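Residue numbers (mature numbering (1 follows the signal peptide of the UniProt record, and there is no 0)): -36 to -1, 1 to 516.
Note that beta-carbon positions come from the ideal geometry of N, C-alpha and C, so glycine has one too.
Since the model is a prediction, treat every value here as computed from it, not as a measurement.
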């Protein structure tokens, strides 16, 4: 059964697409801003791009292990990035960073709620017209296809409902709100379609695979295309396809050095976790870990089908394929049962695999990259002048093509605004007000003052993370990941005070950066300049932190 009705999402989208298809001269005029940077030979067709995005897939704890076909078809045929990070370890802010190429303080999506700007009216008005898919379509003439989870509050009645189709998408096949596998509703070019719980027609990962294959079969052959396929896996409720529900029975969450240990010298939210964890908590997280891997097997199938179809249609050699996740995940680290949101490697580091024209096979890059780089990279591939954007990220194309003597960044910003109400959780009366995401044994994964910003630095000599919390303690965490990759020991009180001051200053600069100023030299770069006077206001007091919205 054909799943996709290939009609663009809305009258204006349809008419503009047909106008471009019918008037080649007008098309060339519109494309004049998209032919310079990608190195595409005159007269040849510009590359296609596919972006595969999973939900809550870690890199640190072996999240890529189940995806053998994906690693073979993308990673081994191209480049794997071993130091890929997200600027916020939560779904909606991270996805907004992918779409806009901006840090959260510039796109203003701070959590997964409408109040936090997740798919809000403000987001739709200010940010959606400037996303990289919108530029690809309006300025570069790409067919743009979306299938899967968009933003966590997409489809909310107060923000246009499922009738809202974001600017920039020719074909729209989006999930209402958060990840599910069955019993969900999709917006198909602005019209709602409900799905039930029949595996053969409703299992979402497979539905996304089928609708993507339909697009490849019935799209226009006269325009390049961009596809973004955003799977529910491995997000909860971790519902595996029937054929995979008995796999990995002997797999358990990794017992690494930071598993089930107390977060000594860490922020109070980490210190409140109970150590050792109860047997029931460990059984729960082991089961969750196993089920997460099971759901990823269907993603592996999706990737295989997609690559085979691209090869069959003759498009594979002219198509870049990106595979990544919106954030990492933890299962028992520092005795926190399961979630993301924290500043540690297991939550902020993600897989990133890329194959495509001009990328040599079996490469690994240690360059420090972030998901704010995906938009600039894809626009660069299309030949768009990146100086016309306000994006904070950098194009990865020089890395992918093996450019020699490349000057690259040495740090990225990570920022998060904690969630929680200033009331006591009735199920955990002994805890202070403001906690959220609490488990039955009253271990909580978030709080309203779990608000932090970090500089993640990697250079030839240093591998550091410097973080400040916006709370009463003005708590600081610093880790030397060369000596302490599991981030057991907070060295904030023992590190060289001069270096601490430089990191504090660099954090201040990144928290207020925009566009090019987000790409200035880091603390360990030759061009770095440190002016301590900028750490103080006109009244001589230390700078105010940016995220505080709640009384402490």
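_Residues near residue 64 in its chain [Cβ-Cβ closer than 6 Å; skip 5 each side]_ = 71, 91 and 95
*Straight-line Cα distance separating residue 12 from residue -14*: Low per-residue confidence applies at residue -14: pLDDT is 39, beneath 50, and the placement is therefore not dependable, though the value from the model is reported in the following sentence. Approximately 21 Å, taken between the alpha carbons.
*Find out if the Cβ-Cβ distance for the pair residue 376, residue 332 is shorter than 8 Å.*
yes
*Give, in chain order, every unbroken run of the alpha helix (DSSP H) that is at least 4 residues long and sits entirely within the segment 221 to 272.*
232 to 235
*residue 124 and residue 98 look like a contact to me (Cβ under 8 Å); what is the Cβ gap, rounded to whole Å?*
Residue 124 to residue 98, Cβ: 16 Å. No contact.
*Near residue 440, which residues of its chain fall below 6 Å by C-beta distance, leaving aside the five closest residues on each side in sequence?*
432 and 456
*Could you tell me the distance, in whole angstroms, from the CA atom of residue 182 to the CA atom of residue 267?*
19 Å
_Distance between residue 276 and residue 211 (C-alpha atoms, nearest Å)_ = 31 Å
*Would you call residue 447 buried or exposed, if buried means 16 or more other Cβ atoms sit within 10 Å of its Cβ?*
exposed
*From 220, 204 and 57, pick the residue whose C-alpha is nearest to that of residue 252; which is it?*
204
*If you draw a straight line from the alpha carbon of residue 420 to that of residue 83, how long is it in whole angstroms?*
28 Å
_Using C-beta distances below 8 Å, list every residue in its chain close to residue 51, excluding the 5 sequence neighbours before and after it, in chain order._
57, 58, 61, 67, 68, 334, 335, 336, 376, 377, 378 and 379
*Report buried or exposed for residue 141, applying the criterion of at least 16 other Cβ atoms within 10 angstroms of its Cβ.*
buried
_For the alpha helix (DSSP H) containing residue 339, name the first residue and the last one._
338 to 346
_Opening and closing residue of the alpha helix (DSSP H) in which residue 429 lies_ = Note, residue 429: premise wrong, no alpha helix (DSSP H); beta strand (DSSP E) at 427 to 433.
*Since residue 160 contacts residue 137 with CB under 8 Å, what's their CB separation in whole angstroms?*
Incorrect: roughly 17 Å between the Cβ atoms, too far for contact.
*Whether residue 190 touches residue 342 by CB criterion (8 Å)*: yes
*In this structure, what does DSSP give as the bridge partners for residue 151?*
138 and 156
*Can you tell me whether residue 425 is buried or exposed, with buried defined as 16 or more other CB within 10 angstroms of its CB?*
exposed
*Give the range of the beta strand (DSSP E) segment to which residue 113 is assigned.*
107 to 113
*asked:* Do residue 361 and residue 302 count as a contact pair if the criterion is CB distance below 8 Å?
replied: no
*Which residues in the same chain have their Cβ closer than 7 Å to the Cβ of residue 197, if we skip the five residues on either side of it in sequence?*
18, 19, 169, 259, 260, 262 and 263
*CB residue 43 to CB residue 323, shorter than 8 Å?*
yes
*asked:* Measuring straight from C-alpha to C-alpha, what distance separates residue 543 and residue 463?
replied: A query on residue 543 cannot be resolved here, the shown segment of the chain reaching from -36 to 516 and no further.
*Chain-order list of residues whose beta-carbon lies under 6 Å from that of residue 273 (same chain, five-residue window excluded)*: 177 and 180
_Unbroken beta strand (DSSP E) run spanning residue 13, endpoints_ = 12 to 18
*Counting along the chain, where does the beta strand (DSSP E) carrying residue 319 start and finish?*
316 to 319
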